[in-house]
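Peer 1: Provided herewith is a single structure, encoded as structure tokens, for subsequent inquiry.
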Amino acid sequence: MWHSENLRVKNNRIIGVRDGIYLEFTNNCVIEENLCKENLRYGLHFMFSDHNEYLGNTFENNGAGVAVMYSKFIEMRRNLFRKNWGSASYGLLLKEISDSELINNTFEDNTIAISADNTNRINYQHNDFLGNGYAVRIRGACYNNIFTENNFVANSFDVAYTGNINENEFKKNFWSEYTGYDLDKDGTGDVPYRPVKLFSYLVNKTPEAIILLRSIFIGLLDFSEKVSPIFTPAELIDPQPQMRKIK
């Protein structure tokens, strides 16, 4: 779809093609309840397309996942991004996206669930990140994004940063690796959680280091960085980590 307006794409099965759904300069559209799987490149790929909604779609086992680029005022709700694996594959790639919402989506078994580059003022809420390599990888100039009430469960890296300065907000998320306590039994951890591991920073610099994942030595490095952050953003914390998975 190119230079189009006010379209609805619904209830399609798109399997084994180059790009499942492609939009460029296409605004005010609804992409709803489609299945895009096993495509050679992207299950969904769109650029320069504003005020669009993506609702209840499944993007599974695509060569490069889903790419959303150079757009604003996007809503993505109730979508499933699953098993998009590969060295250049993402559940969802966001590049130069602003003023958008990602709500009630599930990211499961992806190499990188969300890769964000130059994204601003995006609300990530009530999403499930389950068993991904990276749940969220933040690159470049990403400002004023809010991650709240999401579930981060059994990911190798919950959050990875390429720099050591954070201007985004994480609050009231559930983190399966959180080991703090809740003395007053209000459901919120009494100790803030630091989701960025030093090891994710090292892997970004030296990808071959990934073979050391889960080693005792790396566990000690991550612990020391949490106590006294040097390479990871000191201010990137969730001050209200939740003790139970958010329903």
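So the sequence shown is numbered by UniProt numbering: it starts at 1 and just counts up by one.
All C-beta atoms in this analysis are idealised placements derived from N, C-alpha and C, irrespective of residue type, glycine included.
Remember, predicted model here, so these are calculated numbers, not experimental data.
(1) Cutting at 7 Å between CB atoms, please list the residues of its own chain near Ala-67, excluding the five before and the five after it.
(2) Apply the 10 Å Cβ neighbour rule to Asp-186 and answer buried if 16 or more other Cβ atoms are within range, or exposed otherwise.
(3) Take Met-47 and list the residues in its own chain whose beta-carbon comes closer than 6 Å to its own, dropping the five residues that flank it on each side.
(4) Using beta-carbon positions only, say whether Leu-102 and Asn-166 come within less than 8 Å of one another.
(5) Looking at the structure shown, is Leu-55 part of a helix, part of a strand, or coil, going by DSSP?
(6) Put Asn-27 into one of helix, strand or coil per three-state DSSP.
(7) If you count every other CB in all the chains shown that lies within 10 Å of the CB of Ile-114, and 16 or more means buried, which is it?
(8) From the DSSP secondary-structure annotation, give me the bridge partner or partners of His-45.
(9) Using the C-alpha atoms, what's the distance from Cys-142 back to Asn-204?
(10) In angstroms, rounded to a whole number, what distance separates the CA positions of Thr-179 and Val-191?
(11) Ala-116: buried (16+ other C-beta within 10 angstroms of its C-beta) or exposed?
(12) CB Glu-60 to CB Lys-95, shorter than 8 Å?
(13) Who pairs with Ala-116 in a beta bridge, going by DSSP?
(14) So is Ile-146 buried or exposed if we call it buried at 16+ other beta carbons inside 10 Å?
(15) Asp-184: which of Met-243, Asp-128, Glu-38 and Thr-106 sits nearest, CA to CA?
Peer 2: Put simply:
(1) The residue you call residue 67 lines up with position 67 of the sequence shown. So the qualifying residues of the chain are Tyr-42, His-45 and Leu-93.
(2) For the purposes of this step, residue 186 is taken as residue 186 along the sequence shown, with counting starting at 1. When all chains shown are included, Asp-186 counts as exposed.
(3) To locate residue 47, count along the sequence shown from 1; it is residue 47. Counting only Cβ-Cβ distances below 6 Å, and skipping sequence neighbours, we find Glu-24, Met-69 and Tyr-70.
(4) In the sequence shown, the residue the question calls residue 102 occupies position 102. In the sequence shown, the residue the question calls residue 166 occupies position 166. No. Outside cutoff.
(5) Looking up residue 55 in the sequence shown gives position 55. Strand.
(6) Mapped onto the sequence shown, residue 27 falls at position 27. Note: Asn-27 maps to strand in three-state DSSP.
(7) In the sequence shown, residue 114 corresponds to position 114, counting from 1. Its Cβ being crowded by 16 or more others within 10 Å, Ile-114 is buried.
(8) Counting from one through the sequence shown, the residue named residue 45 turns up at place 45. Within the DSSP bridge table, the entry for His-45 names Tyr-22 and Ala-67 as partners.
(9) Taking the first residue of the sequence shown as position 1, residue 204 is located at position 204. Taking the first residue of the sequence shown as position 1, residue 142 is located at position 142. Distance between the alpha carbons of Asn-204 and Cys-142 is about 17 Å.
(10) What you label residue 179 is simply residue 179 of the sequence shown in a count that begins at 1. What you label residue 191 is simply residue 191 of the sequence shown in a count that begins at 1. The straight-line gap from Cα to Cα measures roughly 9 Å.
(11) Here the question's residue 116 lines up with position 116 in the sequence shown. Result: buried.
(12) Here residue 60 refers to the residue found at position 60 of the sequence shown. Here residue 95 refers to the residue found at position 95 of the sequence shown. It is not a contact, given that the beta carbons lie outside the stated cut-off.
(13) Numbered from its first residue, the sequence shown carries residue 116 at position 116. Answer is Leu-94 and Ile-138.
(14) As a position in the sequence shown, residue 146 is number 146, starting the count at 1. Classification of Ile-146: exposed, given that the 10 Å Cβ count is below 16.
(15) One-based indexing of the sequence shown puts residue 184 at position 184. The shortest Cα separation from Asp-184 among Met-243, Asp-128, Glu-38 and Thr-106 belongs to Met-243.
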